[in-house]
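In the UniProt record's numbering, the protein residues as written are 1 to 391. Just so you know, even glycine gets a beta-carbon here, dropped at the ideal spot from N, CA and C. Just so you know, these numbers come straight off a predicted model, no measurement behind them.
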Amino acid sequence: MKTNVNLVQNWKRFATNSAALRPQAFPDVAAKAVKRGSGGRSSFNGQVVTVFGGGGFLGRYVINKLAKSGSQVIIPFRGDFYECFHLKTCGDLGQILFRHFHLKDAESVYNCVKYSNAVVNLIGKDSETNNFRFGDVHVDGARLIARMAREAGVQRVVHVSAANVERELEPQLLWKGSQWLRSKRAGEKAVREEFPMATVIRPTDVHGMDDNWSQYFCSWQRRMLWRVPLINGGFQTQKQPVYVSDVAQALVNALTDDEAPGQTYEAFGPRRYTMRALVDYLQRIIQKTPEDGFHVSNMRWAPLFLVRVWLMSHPQWLHKYPHVSFEKLEREAISDIRTKGVKSIEELGVALTTVEEKWEFNLMHWKRMSYYGEEVGEFPELEKPQQIPIV
């Protein structure tokens, strides 16, 4: 308790006394003057980037791409160093650096950005805890990072938000709708207030190797025995999932694109499907087919599943970070719709990757008979999910 009080006091003191933070910012040396090498991981391209949330799913892809281009990367971490130290192999010796910080301590945040000329904020939460609510991370934390970046003289800030944040959505399971999306919307506004020229990236559901979306539907927690319950059977929800490497490439390109500062980009996948079609396709990949008794159902007829979600949503009972929650189910039922007038990440030079190109390989270890060495042509080729027109 004493530690938390001290952190809050530090946060307030440094937030109000910005003059104390201003000295010793990034040295007045042109980035081009310190470039070394011919390019690649063993070079330094003059760019020093602080990546908040680098230990997460998207962060590992962003850091790898930055290091591959010769950037020096600073990775702030809050917990155990050994949870993110594997990222050191992304770059050459001395190119990947780590620094401890706390999201409610302004001094520690400033120390992570004061020698950088670019900052990327990937920090986000899927579930709330007693220490960090959605607003603490998506709004207050994002505001603090943007403010400290401005105080330190950082040239570029890229903030990751979410698709559908500008829409007025009708609640599906929760009386007030998705609190997660509301906090993401407020976070965008907070970042713009502190750093008006920040670049905002809004991805849809992100899929990839060991992701938290496609493999979420493979787990037993999301299934009720042999059924995967979806709101309205998944027929009324339309999704455009985007590949994680495409989002990471957009973030990296936004750091050097001359038109990116102050812009908002949406990261949508190249193809559109119903939620029903995607989950059916996923179940066929992992060999849980209707012929074996597995199928997708309407959540209306799965009351026991909702009871289990309610139990799992109480961290003091079962788990601090529930795998399935009503907040996640609420977001499942939201269709992806582009915002008029907002640019796509394709304008950042990104070539989009389809679901069909990646899922069969990325979900291979979830197969029902993953231990079985099948012969070529033993099983019929999977039927691809039916696409629907993009809106």
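task = Give me the Cβ distance between Val324 and Gln221, rounded to the nearest whole Å; I'm assuming they're in contact under 8 Å.
result = Translated into the one-based positions of the sequence shown, residue 324 becomes position 324. Translated into the one-based positions of the sequence shown, residue 221 becomes position 221. The pair is a contact, with the Cβ atoms about 5 Å apart (cut-off 8 Å).
ask   = Between the region 247–266 and the region 185–204, do at least 3 Cβ pairs fall closer than 8 Å?
value = yes
inquiry  = The alpha helix (DSSP H) that contains Val108, what's its start and end?
reply    = The sequence position of residue 108 within the sequence shown is 108, counting from 1. In the sequence as displayed, the identity of residue 108 is Ser instead of Val. Ser108 -> alpha helix (DSSP H) spans 106–113.
request  = Give the secondary structure of Gln72 by DSSP, where H, G and I count as helix, E and B as strand, and everything else as coil.
outcome  = As a first step, residue 72 must be located in the sequence shown, where it is residue number 72. Per DSSP, reduced to three states, the secondary structure at Gln72 is strand.
task = Return the Cβ separation of Val154 and Ser116 in integer angstroms, given the expectation that the two are a contact with Cβ distance under 8 Å.
result = One-based indexing of the sequence shown puts residue 154 at position 154. One-based indexing of the sequence shown puts residue 116 at position 116. With 8 Å as the limit, Val154 and Ser116 qualify as a contact, their Cβ atoms being about 6 Å apart.
ask   = From this set, Ala149, Gly39, Ser42, His138, which residue's C-alpha is nearest Val113's C-alpha?
value = The sequence position of residue 113 within the sequence shown is 113, counting from 1. Considering only alpha carbons, the answer is Ala149.
Endpoints, alpha helix (DSSP H) assigned at Ile145 = The residue labelled residue 145 in the question sits at position 145 within the sequence shown. It spans 142–151 - the alpha helix (DSSP H) in which Ile145 sits, taken as one unbroken run.
message = If you measure between the beta carbons of Asp336 and Gln236, is that distance less than 8 Å?
response = As a position in the sequence shown, residue 336 is number 336, starting the count at 1. As a position in the sequence shown, residue 236 is number 236, starting the count at 1. No, these two residues do not count as a Cβ contact at 8 Å.
task = Drop a sphere of 10 angstroms on the beta-carbon of Lys12, count the other beta-carbons inside from all chains shown, and report buried for 16 or more, exposed for fewer.
result = Here residue 12 refers to the residue found at position 12 when the sequence shown is read from its first residue. Confidence at Lys12 is low in this model, with a pLDDT of 43, below 50, so the placement of that residue is unreliable and no value is reported for it.
key: Cβ-based burial, Val247 [other Cβ within 10 Å; buried from 16]   = Counted from its first residue, the sequence shown places residue 247 at position 247. Under this definition Val247 is a buried residue.
key: Given 8 Å, three or more beta-carbon pairs between the region 118–135 and the region 179–198   = yes
message = Alpha carbons only, please: which of Val244, Lys88, Phe52, Trp366 is nearest the one belonging to Arg141?
response = As a first step, residue 141 must be located in the sequence shown, where it is residue number 141. Per the sequence presented here, residue 141 reads as Gly, with Arg not at that position. For Gly141, the nearest C-alpha among the options comes from Phe52.
query = Quick one: Cα of Trp310 to Cα of Phe326, how far?
reply = Taking the sequence shown and counting its residues from 1, the one referred to as residue 310 is at position 310. Taking the sequence shown and counting its residues from 1, the one referred to as residue 326 is at position 326. Near 8 Å, if we compare the C-alpha coordinates of Phe326 and Trp310.
task = Can you grab the Cα-Cα spacing for the pair Ile285 / Glu381, in whole Å?
result = On the sequence shown, residue 285 is found 285 positions in, with the first residue counted as 1. On the sequence shown, residue 381 is found 381 positions in, with the first residue counted as 1. Distance between the alpha carbons of Ile285 and Glu381: 10 Å.
ask   = Glu266 by DSSP, collapsed to three states: which one?
value = Translated into the one-based positions of the sequence shown, residue 266 becomes position 266. Here Glu266 sits in strand by DSSP.
query = Terminal residues of the continuous alpha helix (DSSP H) containing Leu311?
reply = Translated into the one-based positions of the sequence shown, residue 311 becomes position 311. 303–312 is the extent of the alpha helix (DSSP H) around Leu311.
query = Near Met197, what residues of its chain come up, given a Cβ to Cβ distance below 7 Å and the 5 sequence neighbours on each side ignored?
reply = As a position in the sequence shown, residue 197 is number 197, starting the count at 1. Around Met197: Pro261, Gly262.
Own chain, CB closer than 8 Å to Val280, minus 5 neighbours either side, in chain order = As a first step, residue 280 is located in the sequence shown; it is residue number 280 there, counting from the start. The sequence shown places Asp at residue 280, rather than the Val named in the question. Cβ neighbours of Asp280 beyond the five flanking positions: Val296, Pro385.
request  = Compute the Euclidean distance between the alpha carbons of Phe44 and Asp257, then round it to the nearest angstrom.
outcome  = On the sequence shown, residue 44 is found 44 positions in, with the first residue counted as 1. On the sequence shown, residue 257 is found 257 positions in, with the first residue counted as 1. Computed Cα separation, rounded: 19 Å.
request  = Could you tell me the distance, in whole angstroms, from the CA atom of Pro229 to the CA atom of Arg147?
outcome  = By 1-based counting over the sequence shown, the position of residue 229 is 229. By 1-based counting over the sequence shown, the position of residue 147 is 147. If you take the alpha carbons of Pro229 and Arg147, they lie about 43 Å apart.
Residues near Gly91 in its chain [Cβ-Cβ closer than 6 Å; skip 5 each side] = Within the sequence shown, residue 91 is the residue found at index 91, counting from 1. Excluding sequence neighbours, Gly91 sits near Arg41, Ala67.
message = Looking at the strands, I want to know which residues DSSP matches up with Leu97.
response = As a first step, residue 97 must be located in the sequence shown, where it is residue number 97. DSSP output for Leu97 lists Ile74 as bridge partner(s).
inquiry  = Going residue by residue through the region 138–218, where are the continuous alpha helix (DSSP H) segments of at least 4 residues, counting only ones entirely within it?
reply    = 142–151, 179–194
message = Quick check: the Cα distance between Arg276 and His86, rounded to an integer number of angstroms?
response = Within the sequence shown, the letter at position 276 stands for residue 276. Within the sequence shown, the letter at position 86 stands for residue 86. Taking the straight line from one Cα to the other gives about 37 Å.
inquiry  = Can you tell me where the beta strand (DSSP E) holding Leu230 begins and where it ends?
reply    = Taking the first residue of the sequence shown as 1, we reach residue 230 at position 230. Its beta strand (DSSP E) spans residues 227–230.
task = Please check the pair Met299 and Ile390, which I expect to be a contact at CB under 8 Å, by giving their CB distance rounded to whole angstroms.
result = One-based indexing of the sequence shown puts residue 299 at position 299. One-based indexing of the sequence shown puts residue 390 at position 390. 26 Å between Cβ atoms; not a contact.
inquiry  = What would DSSP say about Ser325, mapped onto helix, strand or coil?
reply    = Here the question's residue 325 lines up with position 325 in the sequence shown. Coil, per DSSP.
query = Under the rule that 16 or more other beta-carbon atoms within 10 Å means buried, what is Ser219, buried or exposed?
reply = By one-based count along the sequence shown, residue 219 stands at place 219. Exposed: under 16 other Cβ atoms inside 10 Å.
Cβ-based neighbour list, Leu174, same chain, cut-off 8 Å, excluding 5 preceding and 5 following = Within the sequence shown, residue 174 is the residue found at index 174, counting from 1. The residues are Phe326, Glu327, Glu330.
task = Express the C-alpha separation of Glu356 and Gln387 in angstroms, rounding to a whole number.
result = Position 387 of the sequence shown, counted from the first residue, corresponds to residue 387. Position 356 of the sequence shown, counted from the first residue, corresponds to residue 356. Rounded to the nearest angstrom, the two C-alpha atoms are 11 Å apart.
Per-residue burial, Leu21 [other beta carbons within 10 Å of its own, 16 or more giving buried] = Here residue 21 corresponds to residue number 21 of the sequence shown, with the count starting at 1. With a pLDDT of only 36 at Leu21, under the threshold of 50, the placement of this residue in the model should not be trusted; the figure read from the coordinates follows. Classification for Leu21: buried.
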